[in-house]
Structure formats: C-alpha cells, structure tokens
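**Q** Before I ask anything, here is the structure I am working with.
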Amino acid sequence: MDKMPKWADVVLIPLISVVLALLVSGLVVAIIGESPLRAMQIMVRGAFGSAYGWGYTLYYATNFIFTGLAVAVAFHARLFNIGGEGQAALGGLGVAVILLAVDWPHWSLALAAAMGFAMLFAAAWAALPAYLQAKRGSHIVITTIMFNYIASALLVYLLVNVFRVEGSMSPESARFAENTHLPGGGDFAGFLGFSATTPLNISIFLALIACVLVWLLIWRTRLGYEIRAFGQSETAAVYAGINPFKIIMITMLISGALAGMMAINVVMGEAERLVLDFTEGAGFVGIAVALMGRSHPVGVVLAALLFGALYQGGAELQFEMPAISREMIVVIQALVILFTGALDNMVRMPVQKLFLALKRRRDHAARPTPEA
Amino acid sequence: MTDAPAIELRGISKAFGPVQANKDIAMSVARGTIHGIVGENGAGKSTLMSILYGFYKADAGEIFINGKATAIPDSQAAIRAGIGMVHQHFKLVENFTVLENVILGAEDGALLRPSIAKARRLLTELSKEYGLKVDPDAIIEDLSVGHQQRVEILKQLYRHADILILDEPTGVLTPAEADQLFRILERLRAEGKTIILITHKLREIMEITDTVSVMRRGEMTNTVKTADTSPAELAEMMVGRKVLLQVDKTQAQPGEVVLSVRDLRVTHGGVARLKGVSFDIRRGEIFGIAGVAGNGQTELLEVLGGMMAATGGSVSLFGAPLPVTGPDANGQARRAQGIGHVPEDRQTEGLIMAFEAWENVAFGYHRDPKYNSGPLMDNTAIRADCADKMARYDVRPPNPRLPARNFSGGNQQKIVVAREMDRAPDLLLVGQPTRGVDIGAIEFIHKQIIALRDQGKAILLVSVELDEIMGLSDRIAVMFDGQIMGERLPQDTDQNALGLLMAGVTEGAA
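As you go down the protein sequences, you meet chains A and B in turn. Going by my numbering, the letters in the first sequence line up with residues 74 to 445, in that order. Going by my numbering, the letters in the second sequence line up with residues 13 to 522, in that order.
Below, the structure written as structure tokens:
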C-alpha cells in the first residue's frame, strides 16, 4: 500500500520545502531591515522577467542539469559522488586541450571533439576514486572531495605555467578560434527575444538530451537495472551475478562524464577560453539538485531551473539592494538546500500522515453503511 | 499474593496506518504457568508483545499486571512492572563478560566495582536456583548460542522479572540446547515465574506450555488448554482451514549424478567455514543438509550459487568442472548452466525490496533474451511474465506493480520460488525455503520442491528446521563446524540422532 500518491512525493513535498525555505529567507531579509516582498519581487523579475533574465537562468540551469545528472546517476548505485566540481574542472581542461591543439573548420566538429575530450578527461578523474572504492573500499565521499582539491591545484598550475598566454597577467588560456564558437541564444531563439548579451548557448539542448539518455539508461537498459539493483542491495546484486566492481567503475565513469559536460556550456559556450575556477561551485549545487530532484531526470531539470533562477535572481538582488550582500544570496541558496535535502523528513512525515488520514476517511465513507 | 492473573489484557487494539495489527485482544495468563502464543507471520504476535513491553503504545485497551491496571509507556516501565523480554536476536555486548552484560543498564552507581560484586553474588544464587549455569567471567563471544541465551534470561531475572517473554527462543538452538532451555523454563515455572512463549513450532507448544493462544490476522481467535488440543487442530486454527503438516511424496527414483562436490573448502575473514565437504546429488532426489545455523551451510550455498569463492576443492556439474573461483564463478554463469538458487535470505539476497514485483521476477535473469528487445529491456514482456507467474504460483495480491516489500513473507518467497523454479533448473539450490513463511505457503512451496524432484531434477535443500529436512529429503547430511558429520536416510533416523550429529557428536565419541 502506498503511503501517498506519486505526485505528492515528486511535486508537493519539494514545493512545500521551497516555500518554507523562502519564508525563512524572507525572515532573514526582514531582520537586516529590508522588505522581503520587494526582495522576492526583484529575484523573480531578475530571473524570469525578461529574455535577458531567462537567458542567464537557463545558462545556469544547463550547468546544474549536467552536474545534477552526474550526482543522480551515482546515487542510483548508492555512490555519493561529491567530486563533480573536480571532474568538471578536468572536463574543461579536456575542452581547452582539443580546441587549442587543432584548427577546427566548423563548430559542429569542434563540439563533437570537445564533448569527447570533456567526457574522457572528467571520467578519468572519476575513475581513480571509483577504483579505490571498488577495490580498496576507500570511501568515495572522501576520495572525490580530495580529488576536487587536486583538480583545482592542477588547473592553477597548468593555467599559470602551461596555458597562460605569453605576457598576460591573468591565469587563463588563449581564446579559442572563432570557428569553434557555439551558436548562442540569439542565433537559435532570437525570435523569443534572446540575444548575444546572455551566455545561453546550444549546450542547453545537449543537457536536455542527456536527461533523456539518463532516463533511458536508468529505467530501460540492463545496465541501469543492474545499477539500481546494486544501489539497493549489494548482497542481492552478487546473488544475481552482478559484478560490484564493474558497476562501481561504470557508474562513476558515466557520472564523471556527465559532470565534465558542464565544461561545454561554460568553457566552450560562454568563456571561449579556459579560466580559473570556471565551475563556480556548480559541482556542489549538483548535489542539491539531485537530492531535490529525487535523482530523476525530470526532477533534476526542475530543480536545476530553480537553482538557475536563484543564481540569476540573486545576482540581480545584489545589484538592486546593496544591503543584501553576496553572502546573503548564499544564505538563501543554502536554506533551499537545507530544506529540500537535509530536512526532507520534516515535511514528508506530516504530509504522509495527512494523506493516510484522508485515505482512511475516504475508505470509511466508501464502506456501505448498514441499514437501520 | 492474590489469585489475580499475572497478565491480563483487555481490548488491546493497534493500527499502523491502514493495517490493523491488533484488534480487540483479550488474554489472561495465570501466575506460574507457561503460555504459548502461536500464529502465522504478520498475525500480530510481535506487535502484541511490543505493546506489553512498552515499545508501542496501544490505540485502545488496558493492561493489568497482577490484577492492577498498569500503564506501560516504555520498556523502563515494563521492567518496573516485572516484565522481562528475551528477544529472538540477543541484545548482548559481544566483547563484554557475562557479568558486565548482566549489569548493563542496571548499574547501581558511578563505580562499577560494587555493582559487579553484587551481581556476582546474585548471579551465583540465580544460577543455583534455576539451573542456569554460566561462567560469570566468560566473554560473550566465546559462549555458545545456548549459553548466550541463558545470559539473556539471567539479565531479566537480575532485573527482578516475574514475567518472561521469549520470542522464538529455539530458532538458533540445537534440539539438545532447546531441551535444556525447556528444563530451565520448567524450573522457572516451578518457582512461580510466568512465561509467555512465542513460537511457530507447534511441537514446542505441545511439549512445554500449559495454555496456548492462537492469533490470526490481528485477532486472538482461540485460547485453549494445551492438553485439550493437537498440532493439527492448532494449525487449522492458525490458518483458518485444514492443512497438511506431513508432506506427501513418493519414493525417490535417483538417476545419474548431477552435482558432485569434492573436498570443498572456504576460508572467509580468516576463519575456516568449510573444512572439506564432499557429496553427490543425483537426478530426482532431494539432498537435505541439516544443522544449526552458522555451521557452514550458508557458505556452501554461496559457493555453489557463485556468490563466494572457494579456497579449495572442486565441484562438477554433469561431470564437467564447475569453477568455484575466478570471474566465471558468478551468479550469471550459474544460471546459464541451469542452476536455480532460492537463497537463504529473501530480503537481502533474493529480492530487491524496493523493486516492484515484475522487476524482481527478472532479477538474475535480466539478461535473458526473452526479457529484452535490442539494447533495452522489454518491460511489457517482463510484466506479462510476472502476471503469469503470480497467477500460477498463487502470489497475493497478484499485482506486478507492487514493490516487493509490500508483500507478506510467504508471498515474497513465492515470487522467488516462481522465478527460480519455473525454469525447471537441472540443479536447484534451496536455503531455508520456508523461514518466516506462513503455513499455507509452506505447504505450497514444499509441493513445488517435490514436483521439481519428480521431474528428475536434483535439489540441494539447506534448512535449520529439522521437520522440514525430515519431511522433504531423500538423503540427509548433517553439517557441524564446516564438515559433514554423517549421512542418513530419513526412514532410518530420527530427530534425536540427527540432533546429536548437529551438536558435533558422532557415534564413535558418544
């Protein structure tokens, strides 16, 4: 017997959590003496009020879809991949290497090659923690976190000593050739008012395709079936002849590759060169996105959109209400993560009780009353 | 003391969400008696006892202890009321001594020394009084299961328990240890203690209890004097219809050798679990392995099922070697070679509890071409196959979309049995096929196993239930400490003889 309908689990509970988080955020805004209503208005308008706002919101959401999917795929095998940040950084390195090394005749060929390299580099970065987990039992949470730091240090070294353009003071690579620039929002959706002023690019379609592929993988293929079975019970998986080593390795390679795809959006699509710390925490936001999206691609898209809006609306808020600092925005984002991720049961239990009570009353009413 | 019953329950009801676990239960147990409670899984026995011990709060009803209405909001209150509980899975600290375990939670002050001295004195007295002999300074993990259980009982007596609740106490004991436990219970009864015994073994009820209550679907349907009833009658009361307690089967017609195991050895975690096991199983016979849990049966099944690597010995199937180590020794390869496996633990091995029934029907066979179309799994085909199996194996409710955890134990087991047996494997490995399964389902599963034997298949049956081994097997081997102590024919042996072998006693030594 199900405790509550599926829509309540997928839509209602996250919605209540977000509303609670926003209420508490409003309280915080009120405490520092600003109007929560006005702040809310600015955020919503900033994120969705114009094609410009939408452009940024969707651009951020694209990042979060990739990193969210990365975490979600690993979650299905009960692997907590916190290394999205480092894997994405390596993905960026892969993009830069191939785009700078070859003179590409057309962006589509460059895109295919960049995707291959981004996924290859990022998956390789995930492979080592995966191997340590599968063979040595070193906990993947610890190793992937440590690999984030190694990746960050590696990129600093490479950008300063290898990629930096002669004579330049900033730690970034040379700009990629004009031929490799991806079509932006203005090119494919100019009729909707998008223009080149936003970083939105065709990567968003790649993200949506990735969602469909992940859905197919997890719920329609034998590999996905094995990943889910392994995630639910390793002993049962062994009983069924599923090789835990293989599943851990493959799952983490896929997860890493998805995180690496984020670099297509940022490095190839937006910056058009490799810059320091281009991931800007998107790897970590991916964890919240996957949690909130219940590791389902549709949930991931919705959660990514929410966090994209929070990023973009937050930036606007900071601009229009100087009393609200950058840190305040982080607080608001953190509250959303706290309520949707960590405090999930706080909302879930009462809602479940409510549905059970409703169900009981309905069953009661449905029972034929004995004739008097 | 008055004549008031030690325990009286009136109108106890408890619901978990939509499930009514206990419905208006009334029960009265006289002081100084042993009262049995029988019922199928999910009949509400555990819920009732949890209410009595303060783990759950009843929705309605009253509890009277020695005639006095008593509220039991938590286990502390239960202990104060003189109720002690011995759980099925012991709650002992493995690396503490007996004394330390006994005083745990009942220390008198901040310093341990005086408590330990007092406990040592009391323990000596208790041991003498009830024949509960245990070395007070022994470390728990060094004790046998039977002795660990004595520590649990001593723990309760140390807390001045007058009413003892024992939940399936003989599940882990050899027949000899169970006998000793019953002698202890009789002593306790003679001293005026009241004992509630929860069990599914009707033989034990008949042997030791004074009165017995039967629970079915949350209700207490009957309470009778044990002397006035019979196992068949009790079984009928539990299930609500007549059941066959004896398995009907014809003489086996053994054919060629299917499985041949030679000197199989397993060392796991530095401990030798299998110390050279050899046997053959032929077509059309059921080879039963009896033994107390934890004597190597699990490892034997896991090696044969491809879940664990052996460290020595060899296995052959129809004369061809079957790998017991390396990448080819896995569950997929075994299934491809026609070996079915009903594992000992359906909840952690045989099923993915969160998966829906249809997903579980493909589990282990998910690479079978008939469940796939191209790169994708053919979910429609799997669901259809699941619905078909559910109908033929009487799985209730017959809903392929229900998660496995929402089925009762018996129906979960039927899903596993349907999946593993419906392909008529040449060799079927079966571990504890009816553990935690209701009587109706036991009857069904036993019939399926015999039907498979009659099709000329070889069956390896591992069970800790001697009745099951005796009833189904055509040949019986007894395992003790990783070795086969001896082989017997069921018609030439009895429970006592097998019980001795299970305790590691061979004729030569006896």
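No residue lacks a Cβ here, since even glycine has one placed at the ideal position from N, Cα and C. Quick caveat, the model's predicted, so the values are computed rather than measured.
Taking Cβ positions only, does glutamine 305/A come closer than 8 Å to chain B?
**A** Glutamine 305/A counts as touching chain B.
**Q** Using beta-carbon positions only, say whether alanine 247/B and isoleucine 451/B come within less than 8 Å of one another.
**A** For alanine 247/B and isoleucine 451/B, yes; Cβs fall inside 8 Å.
**Q** Find the nearest neighbour of glycine 44/B within the set Ala173/B, Ser139/B and Asn107/B, judged by alpha-carbon distance.
**A** Comparing Cα-Cα distances from glycine 44/B to each of Ala173/B, Ser139/B and Asn107/B, the minimum goes to Ala173/B.
**Q** Using the Cα positions of leucine 134/B and isoleucine 175/B, report the straight-line distance between them to the nearest angstrom.
**A** The straight-line gap from Cα to Cα measures roughly 19 Å.
**Q** Mind listing, in chain order, the continuous beta strand (DSSP E) runs of no fewer than 3 residues lying wholly within the segment 235-311 of chain B?
**A** Runs of the beta strand (DSSP E) inside the segment 235-311 of chain B: 269-280, 283-294 and 298-302.
**Q** Among Val358/A, Leu205/A, Gly356/A and Val146/A, which one has its Cα closest to the Cα of serine 368/A?
**A** Looking at the Cα atoms, Val146/A is the closest of the given residues.
**Q** What residue range does the beta strand (DSSP E) around arginine 435/B cover?
**A** No beta strand (DSSP E) contains arginine 435/B, which DSSP labels as neither H nor E.
**Q** Is the Cβ of histidine 378/B closer than 8 Å to any Cβ of chain A?
**A** Yes - at least one Cβ of chain A is within 8 Å of the one on histidine 378/B.
**Q** Output, in sequence order along the chain, the residues in the segment 358-379 of chain B whose CB is closer than 8 Å to any CB in chain A.
**A** Residues passing the 8 Å Cβ filter: Thr360, Glu361, Gly362, Leu363, Ile364, Met365, Ala366, Phe367, Glu371, Ala374, Phe375, Gly376, His378 and Arg379.
**Q** What does lysine 26/B pair with, by DSSP beta-bridge criteria?
**A** Lysine 26/B pairs with Asn34/B.
**Q** Just verifying my parser: in three-state terms, what is the DSSP assignment at alanine 72/B?
**A** The answer is strand: DSSP assigns alanine 72/B an E or B state.
**Q** From alanine 169/A to alanine 94/A, what distance separates their C-alpha atoms?
**A** Distance between the alpha carbons of alanine 169/A and alanine 94/A is about 39 Å.
**Q** Applying a beta-carbon distance threshold of less than 7 Å, which residues of chain B neighbour arginine 293/A?
**A** Near arginine 293/A (Cβ distances below 7 Å), the residues of chain B are Leu388 and Met389.
**Q** Return helix, strand or coil for aspartate 179/B, following the three-state DSSP convention.
**A** Strand.
**Q** Using the C-alpha atoms, what's the distance from valine 327/B back to leucine 124/B?
**A** Computed Cα separation, rounded: 55 Å.
**Q** Classify valine 287/A: buried if its beta carbon has 16 or more other beta carbons within 10 angstroms, exposed otherwise.
**A** Buried, because 16 or more other Cβ atoms sit within 10 Å of the Cβ of valine 287/A.
**Q** Whole angstroms is fine: what's the gap from threonine 442/A's alpha carbon to alanine 430/A's?
**A** Note on threonine 442/A: pLDDT 47, under 50, position unreliable in the model; the coordinate value appears next. Using only the alpha carbons, I get a separation of about 20 Å.
**Q** Quick one: what does DSSP say lysine 382/B is sitting in, helix, strand or coil?
**A** Helix, per DSSP.
**Q** Determine, for asparagine 534/A, whether the minimum Cβ-Cβ distance to residues of chain B falls below 8 Å.
**A** Since the first and last residues shown for chain A are 74 and 445, residue 534/A lies out of range.
**Q** Distance cutoff 8 Å, beta carbons only. Does proline 346/B sit that close to anything in chain A?
**A** Strictly speaking, residue 346/B in this sequence is arginine, with proline absent from that position. At least one chain A Cβ lies under 8 Å of arginine 346/B.
**Q** Identify whether asparagine 113/B lies in helix, strand or coil by the three-state DSSP scheme.
**A** Asparagine 113/B: helix per DSSP, three-state reduction.
**Q** Could you compute how far the alpha carbon of methionine 113/A sits from the alpha carbon of serine 225/A?
**A** Their Cα atoms are separated by approximately 35 Å.
**Q** Determine the direct distance from the alpha carbon of aspartate 434/B to that of valine 407/B, and round the result to whole angstroms.
**A** If I take the Cα positions, the gap works out to 14 Å.
**Q** What three-state label does DSSP hand isoleucine 49/B in the structure shown?
**A** Isoleucine 49/B: strand per DSSP, three-state reduction.
**Q** Within 10 Å of its beta-carbon, does glutamine 258/B have 16 or more other beta-carbons around it, so buried, or fewer, so exposed?
**A** With fewer than 16 Cβ atoms within 10 Å of its Cβ, glutamine 258/B is classed as exposed.
**Q** If the criterion is Cβ atoms closer than 8 Å, does the pair arginine 347/B and glycine 308/B meet it?
**A** In this structure, glycine 308/B does not lie closer than 8 Å to arginine 347/B by Cβ.
**Q** By the DSSP assignment, the alpha helix (DSSP H) with methionine 322/A in it spans what residues?
**A** Here the alpha helix (DSSP H) through methionine 322/A covers 317-336.
**Q** Just the Cα atoms here: how many angstroms apart are lysine 69/B and glycine 29/B?
**A** Going by the C-alpha atoms only, they are around 14 Å apart.
**Q** Leaving aside the five residues before and after alanine 344/A along the sequence, list all residues of the same chain whose C-beta is less than 7 Å from its C-beta, in chain order.
**A** Answer for alanine 344/A: Phe351, listed in chain order.
**Q** Roughly how many angstroms separate the alpha carbons of proline 412/B and valine 428/B, rounded to a whole number?
**A** Roughly 13 Å separates the two Cα atoms.
**Q** For chain B, find out if any of its Cβ atoms is closer than 8 Å to the Cβ of lysine 432/A; answer yes or no.
**A** With 8 Å as the cut-off, lysine 432/A counts as an interface residue toward chain B.
**Q** Alpha carbon to alpha carbon, how far is serine 242/B from serine 25/B?
**A** Computed Cα separation, rounded: 29 Å.
**Q** Report yes or no: do the segment 114-130 of chain A and the segment 261-277 of chain A share at least 3 C-beta pairs separated by less than 8 Å?
**A** Short answer: they touch.
**Q** Among the residues of its own chain, which have a CB less than 6 Å from the CB of isoleucine 298/B, if the five just before and after it don't count?
**A** Once the five neighbours on either side are set aside, the close Cβ partners of isoleucine 298/B are Arg465, Ile471, Leu473, Leu484, Ser485 and Asp486.
**Q** Looking at chain A, which residues of the segment 302-328 of chain B have a Cβ within less than 8 Å of any of its Cβ atoms?
**A** Within the segment 302-328 of chain B, the qualifying residues are Gly317, Gly318 and Met319.
**Q** What whole-angstrom Cβ distance do valine 371/A and isoleucine 89/A have, given they're in contact under 8 Å?
**A** Not a contact, Cβ separation roughly 18 Å.
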